[in-house]
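Taking the numbering used here, the leading residue of the sequence shown gets 227, the next gets one more, and so forth.
Backbone N, C-alpha and C define an ideal beta-carbon position, used for all residues, glycine too.
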Amino acid sequence: MSELPDRARRAFRRHDAFAAESDAEDRFAATATPFEGTVAAEPGEGGEIRFEIVVRVPMLDEVTESDVAPVVEEGWYETFERRLDGIGGGVLAGYHELEPTVTETVHEGTRTAEVRAGFTDIDPARGVDDAAAVVDFVEGTFVQGVIPGYDYTEPVSSILTEARRAGGSDGIEQ
227 MSELPDRARR AFRRHDAFAA ESDAEDRFAA TATPFEGTVA AEPGEGGEIR FEIVVRVPML
287 DEVTESDVAP VVEEGWYETF ERRLDGIGGG VLAGYHELEP TVTETVHEGT RTAEVRAGFT
347 DIDPARGVDD AAAVVDFVEG TFVQGVIPGY DYTEPVSSIL TEARRAGGSD GIEQ
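Rendered as structure tokens:
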């Protein structure tokens, strides 16, 4: 495998949503989300850069104080998976046809929904922007699927608190 071009590394360094992972020169951690997100970049054909994105979000039962019924979590997961099919048009600057995959897995002892997507782009800055947009889309899709009526733990409780603050609501219904 060839070395990642400097222009791609510079694009990641200049972007505020990523930081280089200390153990790899071609993998970058998403810093703008509380979920685990990484982007691996490698040279492609004809000067293009290949971007491989992995985002892990917790399964619903992992971030609630009480148990979530299996049928509820199964419905949540299926809905999450379907909503991710909508990524692309209007979200990305490049003309990437994404076909994200979602897999339930255990990562570092936590049940997660692991989302993988990849694309190539000749413009590394646009590619890095689009990789950040994919990470943001996954986070937003997760938050969109949060089911009311549960007491959530971190990081979901902080996300919901910040959303209420930004929206001018203290969470108390009148």
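Worksheet item: If A237 and A245 are in contact, beta carbons under 8 Å, what's the gap, nearest whole angstrom?
Response: At roughly 13 Å, the Cβ-Cβ gap does not stay under 8 Å, so A237 and A245 are not in contact.
Discussion item. Quick check on T257 - is its C-beta less than 7 Å from some C-beta in chain B?
Written reply: No chain B appears in this structure, which consists of one protein chain only.
Worksheet item: Apart from the five residues on each side of it in sequence, which residues of its chain come closer than 6 Å, Cβ to Cβ, to H333?
Response: When the five nearest sequence neighbours on each side are left out, the beta carbons in the same chain lying within less than 6 Å of the beta carbon of H333 are those of R282, in order along the chain.
Worksheet item: With 16 other CB atoms within 10 Å as the buried threshold, where does I348 fall?
Response: By the 10 Å Cβ count, I348 comes out exposed.
Item to complete: Could you spell out the range, first to last residue, of the beta strand (DSSP E) harbouring G371?
Response: Where G371 is concerned, there is no enclosing beta strand (DSSP E), given that its DSSP letter is neither H nor E.
Practice prompt. Indicate whether P350 and I275 have their beta-carbon atoms separated by less than 7 Å.
Written response: Remark: C-beta atoms of P350 and I275 approach each other more closely than 7 Å.
Worksheet entry | Cutoff 6 Å; reference P381; Cβ partners in own chain excluding five residues on either side | Once the five neighbours on either side are set aside, the close Cβ partners of P381 are P260.
Worksheet item: Taking the C-alpha atoms as reference points, what is the distance between A389 and V361?
Response: If you take the alpha carbons of A389 and V361, they lie about 18 Å apart.
Discussion item. Going by the DSSP bridge assignment, what does Y378 pair with across the sheet?
Written reply: DSSP lists T290 as partners of Y378.
Worksheet item: By how many angstroms is the C-alpha of D232 removed from the C-alpha of D287?
Response: Near 42 Å, if we compare the C-alpha coordinates of D232 and D287.
Discussion item. Can you list, in chain order, the residues of its chain with a C-beta nearer than 8 Å to that of S384? Leave out the 5 residues immediately preceding and following it.
Written reply: Excluding positions up to five away in sequence, the list reads P260.
Item to complete: Excluding the 5 residues preceding and the 5 following L386 in the sequence, name in chain order all residues of the same chain whose CB lies nearer than 6 Å to its CB.
Response: Listed in chain order, the non-local C-beta contacts of L386 below 6 Å within the same chain number zero, local neighbours out to five positions each way being set aside.
Practice prompt. Check whether the region 290 to 307 touches the region 362 to 371, counting contact only when three or more Cβ pairs, one atom from each stretch, lie closer than 8 Å.
Written response: They touch, by the three-pair rule.
Fill in: Top-ranked residue by Cα proximity to G316, from R240, Y378, T257 and F363
Looking at R240, Y378, T257 and F363, the one whose alpha-carbon comes closest to that of G316 is F363.
Worksheet entry | DSSP three-state assignment for P284, whether helix, strand or coil | In this structure, DSSP gives P284 an extended state, which the three-state scheme calls strand.
Fill in: Contacts around G263, its chain only, beta-carbon distance under 6 Å, and the 5 residues preceding and following it disregarded
If we look at G263 and ignore the five residues flanking it on each side, its Cβ neighbours are A256, V281 and V361.
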